[in-house]
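Accompanying notes for the structure given below.
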Amino acid sequence: EVQLVESGGGLVQPGGSLRLSCAASGFTFSNYWMNWVRQAPGRGLEWVANIKQDGSEKYYVDSVKGRFTISRDNAKNSLSLQMNSLRAEDTAVYYCATDFFACSGDSCRQTSWGQGTLVTVSS
Amino acid sequence: DVVMTQSPLSLPVTLGQPASISCRSSQSLVHSDGDTYLIWFQQRPGQSPRRLIYKVSNRDSGVPDRFSGSGSGTDFTLKISRVEAEDVGVYYCMEGTHWPPYTFGQGTKLEIK
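Chains as they are written, first to last, in our numbering: chain A, 1 to 123; chain B, 124 to 236.
See the structure below:
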């Protein structure tokens with residue numbers, strides 16, 4: 001059974017830093033692109049970043065570029081998000097999720113999501 | 124970036140009745156490889172999102188066949204043939220043709236009348 005378990009959320013002051021982790025199990029982690037997606041309280045979903053299977057490509061939404069860094073450790077089946085210079089508008093539940101389009105021909109493997117970890121940026 | 128616009132944003136439906144959600148993109152979602160990378164997610168209250176439909180019309184494993192996706196180019200629709208109580212939640216479309224970034228619609232909240 002695929003499992004993604006996020007951790008590392010909490011309360012942080014504006015300008016502070018936080019490192020989120022996502023522990024993966026039940027699938028071959030090194031075969032998948034991985035994503036971070038966030039959801040501000042009462043709001044919709046926003047894709048934050050993703051990383052290629054071998055870590056050689058990383059992409060970010062404009063609002064976090066230069067402040068957030070995504071990384072992975074395939075030996076430990078782990079995904080991370082280092083968040084620096086945090087702002088109030090970064091307050092959200094952060095989800096890790098597997099590739100949205102892990103497709104072979106017309107068939108795409110199911111996307112899995114963690115339960116999320118809440119990050120609150122406030123003084 | 125592609126803008127995804129959903130309507131309606133709120134959808135009260137009587138149990139057993141059909142429901143339809145529209146999703147429009149600001150540019151065509153047809154990829155150069157010929158595929159259209161449009162997904163529908165369901166997020167039940169207090170839960171993480173779950174993918175229902177991928178590439179416009181392909182249902183994920185375990186998704187009831189009362190859910191169907193259709194559309195092309197810039198106009199897409201998620202239909203529920205007969206709404207059940209377990210369908211309550213927020214539905215999001217998301218495009219993956221022009222990533223990065225992946226962009227979501229605003230979400231449509233389905234509730235039972």
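Virtual Cβ for every residue (Gly too), placed ideally from N, Cα, C.
Report the three-state DSSP secondary structure of aspartate 62 of chain A (helix, strand or coil). helix
For the candidate residues A/Gly42, A/Gln13, A/Gly26, whose alpha-carbon lies nearest to that of glutamate 1 of chain A? A/Gly26
Bridge partners for lysine 76 of chain A per DSSP, in chain order? The partner list for lysine 76 of chain A (beta bridge, DSSP) is empty, contrary to what the question assumes.
How close, in whole Å, do the beta carbons of arginine 67 of chain A and valine 121 of chain A come, if the pair is a contact with beta carbons under 8 Å? Not confirmed; about 12 Å, so no contact.
Would a check of beta-carbon distances place tyrosine 214 of chain B closer than 7 Å to chain A? no
What does the alpha-carbon distance come out to for the pair lysine 202 of chain B and leucine 45 of chain A? 21 Å
At what residues does the beta strand (DSSP E) containing glutamate 218 of chain B begin and finish? 212-218
So isoleucine 144 of chain B contacts chain A; which residues on that side make the cut at Cβ distance below 9 Å? In chain order: nothing, as chain A lies at least about 14 Å away.
Counting pairs of beta carbons, one from the region 55-66 of chain A and one from the region 1-16 of chain A, are three or more of them closer than 8 Å? no
Is there a C-beta anywhere in chain B that falls below 7 Å from the one on valine 61 of chain A? yes
Which residues bound the beta strand (DSSP E) around glycine 192 of chain B? 190-195
Within 7 Å (strictly less), CB to CB, does phenylalanine 100 of chain A reach chain B? yes
Distance cut-off 6 Å: aspartate 158 of chain B Cβ against heavy atoms of the ligand PLP: Absent from the structure shown: the ligand PLP. Ligands present: none.
Do serine 149 of chain B and valine 186 of chain B have their beta-carbon atoms positioned less than 7 Å apart in this structure? no
Below 7 Å CB to CB, which residues in the same chain sit around serine 112 of chain A once its five sequence neighbours on both sides are set aside? Val2, Leu4, Ala97, Thr98
Would valine 206 of chain B pass as a contact of glutamate 234 of chain B if the rule is Cβ separation under 7 Å? no
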